[in-house]
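Below is one structure; the comments refer to it alone.
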Amino acid sequence: MLEITSTPLVLIAILGTVGVLLPIISIARKEQGSNSFYAVIAFAALIVSMGYVGYQFLNDHIAASALFSDDVIVDDAFGGFFAIAMLIVAIFTTVGSFNYMRKHNSPAVYYSLILLATIGMVLVAYSTDLVMLFVAWELMSIPTYILVGYMKKNPSSNEAALKYFLFGALSSAIIVYGISISYGLTGSTNIGEVIQGYSTLDPSLLPLALLSVGMFIAGFGFKMGLVPFHQWLPDTYDGAPPTITALLAAATKKAGFAATIRIVVLGMVVLNLDWTLALGIIAVMTMTIGNVAAIMQKNISRMLAYSSIAHAGYILIGLAVAPHSSLGLQGSLYQIMNHAVMKGAAFIAIAGIVTTLAVTHIDKLQGLGRRMPITALGLVIALFALAGVPPLSGFWSKLMLFGSALDASSTLWWAPWLAIAGVLNSALSLAYYGWLTRKMYFEGETEKRIAEPKSIIAVMIFSTIFLVGFGVYPEPLLKFVEFATPVISLGLMP
Amino acid sequence: MTSELIDFTLVSVAMLGIGIYGLAVKRNFIRMLFAVEIIINAANLNLVAFGRFLPHSGGQTMALFSIAIAAAEVAVGLSLIIVAYRMYQNVDIADFRSLKG
């Protein structure tokens, strides 16, 4: 049994209570209320949750690595790691919305939905039962469908929401089908028991087991934006309010990876099949198609959406080589944490640009470095960290990912090609990030500086400190990643 | 007994096929929503059928959760469609093309 003070339960209590109370407060006050009032409450709830996760970690109340248990959720470091990444993004979104939501109606519901979606994402990472995982998955998805379409009068927001909804609903349908097959084969919905059931499966039923795992990869892959399932992603990221895009790109995507690592990577090891090649091919396709499409974009949100697809490919390298190199999952987790901060900061910077200048076309961003110096600097640092330029934190995680691919080369003949593809893609991505930077700093007439939204500046300062700080001194983050990474071995079975 | 189980799974696979066909061919948003619902119900049928042949009720529990969640999902989807209908007077996804590139 979980204790009542265990991290996931306390997070549900804090975020759930505040999330449900916010609309009730707004009804009780009989007025729309100011945006900043609700934003402050939501921000406080997120900070308290973050503080609680940190407190639990510092006091060693959390077991290392990823565990299986008979309960539906487990209080382990793997879940805590994702909880921290997602809470950072949720805080970014809330803080960024201080300014962005000022002109829009019913802020209480908006912040309430952000909090509820955050519970869902956190619980996906903590769950050890397929029923719990599915419920958490939907708790994450349904609020984000509404949030993407939050600008009711805006046709592109509505279209983005419809596309996102259709693909999201399809992905959850596929996940339920995968769960139904794995339940039929093993007679249990507990992830640990499912994995154990697969290891003792009758060989004639193996194709069905593979089918269920394939359905899990497809279902989670829709949210992660892996290549055959990525068509909705640029449209949705472009049409959604940019603050919500930050939440989608940086947090719900990571929930997909959390679920994939817990089920597929840990589970497929026992199936003992050559599945790594399939993931490797998807990884290479994902990063190549993402980066090539990103180069051709004229709209900064779409460019970053495609770069987000490419980054799903980099993270997948670590998953593909996971059984052959201990660095693989570490690199993936490291990149997940960095990507949450980098992508979150980049989209919040776009939210700031949209709030003040109302432009997203790249040609209109000329001279941004002089008009909005702090936002532009934060955006550029996030972009270079995404590309993996050395003194920034993104460099170390990419180094670890590509290093893991080389590390696995003794047992996998094709693993070095993953590293080569990754390096080439990083160079390619540097081209369009550099082009964007040139537009912002070296083109356009000298224009007057305009007032930048204060909340956006706060996010930029935080992300810059995070990316530069952990870039120069990566030791603490590395230790944390090592602590949280699941150990792949057959001794892991319950 | 097992021949009964295979009947249920066959129906379920057929429903999965119908759902995927509907998603691939239809361009009316509500029809596509139905197609997704058919896939979810195929999975529910599977869960209940497997649960019937197992000594515990985990499958039925999962099916109940999934039915409730699917209802919530449809509520959100239909509300999005209503907003879109007010804007375009149409629910054909071929008309929604303000985003591309």
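Heads up: the sequence lines are chains A and B, in that order. Start counting the first sequence at -13; every next residue gets the next number (this note's numbering). Start counting the second sequence at 793; every next residue gets the next number (this note's numbering). Using N, Cα and C, we set each Cβ at its ideal position, and we do this for glycine too. On a predicted model such as this, the values are computed, not experimentally measured, just so you know.
Residue-level contact by beta carbon holds for V868 of chain B and chain A, with a gap shorter than 8 Å. The alpha-carbon separation between G374 of chain A and S412 of chain A amounts to approximately 7 Å. Here T341 of chain A is not near P462 of chain A, since their CB atoms are 8 Å or more apart. Spanning the alpha carbons of D188 of chain A and G170 of chain A requires a straight line of approximately 13 Å. About 7 Å separates the CB atoms of S415 of chain A and L372 of chain A; that is less than 8 Å, so the two are in contact.
If you draw a straight line from the Cα of I885 of chain B to the Cα of G814 of chain B, it comes to about 14 Å. With fewer than 16 other Cβ atoms inside 10 Å of its own Cβ, T3 of chain A counts as exposed. Identification of chain A residues near G851 of chain B by a Cβ-Cβ cut-off of 7 Å yields Y169, ordered along the chain. According to the DSSP secondary-structure assignment, D62 of chain A is paired through a beta bridge with A:A49.
Against chain A, a Cβ distance below 7 Å from F888 of chain B picks out E145, L148. N833 of chain B sits in a helix when the DSSP states are folded into three classes. The beta carbon of E796 of chain B sits no closer than 8 Å to any beta carbon of chain A.
Using beta-carbon distances, A835 of chain B counts as an interface residue toward chain A, with a partner under 8 Å. In the three-state DSSP reduction, H325 of chain A falls in the helix class (H, G or I).
Straight across, the Cα-Cα distance linking G455 of chain A with A326 of chain A is about 16 Å.
Under a criterion of Cβ atoms nearer than 9 Å, the residues of chain A adjacent to V828 of chain B are, in order, L152, A155, L156, S158, A159. At a cut-off of 8 Å between C-beta atoms, I286 of chain A does not count as an interface residue with respect to chain B.
Selection A:F381, A:L148, A:G183, A:A159 evaluated against V868 of chain B yields A:L148 as nearest (Cα-Cα). In this structure I334 of chain A is in contact with T229 of chain A, their Cβ atoms being roughly 7 Å apart against a cut-off of 8 Å. Across the structure, G276 of chain A and I295 of chain A are spaced so that their CA atoms are roughly 5 Å apart. A distance of 8 Å or more separates the beta carbons of I77 of chain A and L7 of chain A.
At a cut-off of 8 Å between beta-carbon atoms, I132 of chain A makes contact with chain B. M358 of chain A sits away from I336 of chain A, with the two beta carbons spaced by 8 Å or more. For the segment 855 to 883 of chain B, residues whose beta-carbon sits nearer than 7 Å to a beta-carbon of chain A comprise F857, S858, I861, A864, E865, V868, G869, L872, V875, A876, M879. Residues of the segment 807 to 826 of chain B whose Cβ lies closer than 8 Å to any Cβ of chain A, in chain order: L808, G811, L815, F821, M824, L825.
Assigned with DSSP and collapsed to three states, D221 of chain A falls in helix. Interface flag for E124 of chain A against chain B is set, since a Cβ pair is found closer than 8 Å. In this structure A291 of chain A touches Y223 of chain A by the C-beta definition: roughly 4 Å separates them, less than 8 Å.
DSSP places N176 of chain A within a strand segment (E or B) once states are collapsed to three.
Under the three-state reduction of DSSP, H297 of chain A is assigned to helix. Partner residues in the beta bridge of D115 of chain A, as assigned by DSSP, are A:N176.
Out of A:L422, A:G330, A:G364, the CA that lies nearest to the CA of Q352 of chain A is found in A:L422. In this model, I247 of chain A and I443 of chain A are separated by some 34 Å (Cα to Cα).
Contact between the segment 261 to 281 of chain A and the segment 298 to 310 of chain A is present, with at least three C-beta pairs closer than 8 Å.
Proximity of chain B to Y112 of chain A at the Cβ level (cut-off 7 Å) is not reached, the minimal Cβ distance being about 17 Å. The C-alpha of V875 of chain B is placed about 10 Å away from the C-alpha of V883 of chain B.
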